[in-house]
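Scroll down for the structure; my scribbles are underneath it.
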Amino acid sequence: MTQESKTNKKSIDALINKLAYDFVQGITDKKHLNEIDKALGVLSNDGVYAYFVYVEAKGIGDIFLNKIKSLIDIVEINKDGKKIEELNQDYFQKLSEDLNSLLFFRDILEKILIYARYHAKALGEKNE
11 MTQESKTNKK SIDALINKLA YDFVQGITDK KHLNEIDKAL GVLSNDGVYA YFVYVEAKGI
71 GDIFLNKIKS LIDIVEINKD GKKIEELNQD YFQKLSEDLN SLLFFRDILE KILIYARYHA
131 KALGEKNE
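The numbering of the sequence shown is my numbering, which starts it at 11 and goes up by one.
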């Protein structure tokens with residue numbers, strides 16, 4: 011592993027940790043905490059696009075999409091030569107056309123949700 015790839019991995023790991031922490035900080039009710047496990051299950055079993063559809067259908071995109079918006083800078087997707095700036099239908103549609111980017115995005119999002127679940131449980135134990 012080159013020094014540059016080590017640095018990139020550290021940067022991505024730091025971002026994943028920050029996003030997971032920020033993700034949980036944006037959650038104030040038990041409903042959303044339970045949705046972390048459900049969304050993780052959808053992502054793991056059905057994929058990234060299913061995750062997007064699930065959070066939109068549940069009306070929880072304000073947290074489950076907006077809190078991970080900076081993933082756009084890691085997994086950059088272009089449409090008609092322009093970078094897509096929102097985690098929306100276009101982004102996820104174009105993402106599905108590039109298998110490497112899709113799998114990379116899924117792995118990062120899965121880690122964020124797993125870490126968020128641990129943060130949520132730790133906060134819950136502190137509050138008991």
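Even for Gly, the Cβ is constructed at its ideal location relative to N, Cα and C. None of the values given here were measured: they were computed from a predicted structure.
- An exposed status is given to Glu86, since fewer than 16 other beta-carbon atoms sit within 10 Å of its beta-carbon.
- Distance from the CA of Lys92 to the CA of Glu107, rounded to the nearest whole angstrom, comes to 16 angstroms.
- The Cβ atoms of Ala132 and Ile46 do not sit closer than 8 angstroms to each other.
- According to DSSP, Asn76 shares a beta bridge with no other residue.
- In its chain, beyond the 5 residues on either side, Ile73, Lys77 have a beta carbon closer than 6 angstroms to the beta carbon of Gly36.
- For Gly51, the uninterrupted alpha helix (DSSP H) segment begins and ends at 40–56.
- Here Asn27 carries a helix assignment [DSSP, helix/strand/coil].
- With a minimum length of 4 residues, the unbroken runs of alpha helix (DSSP H) contained wholly in the stretch 76–136 fall at 81–84, 99–105.
- The three-state reading of DSSP puts Ile22 in helix, counting H, G and I together.
- Proximity to Asn88 across Ile118, Ser80, Leu105 peaks at Leu105, based on C-alpha coordinates.
- Here the stretch 28–35 makes no contact with the stretch 62–72; the two share fewer than three CB pairs at distances below 8 angstroms.
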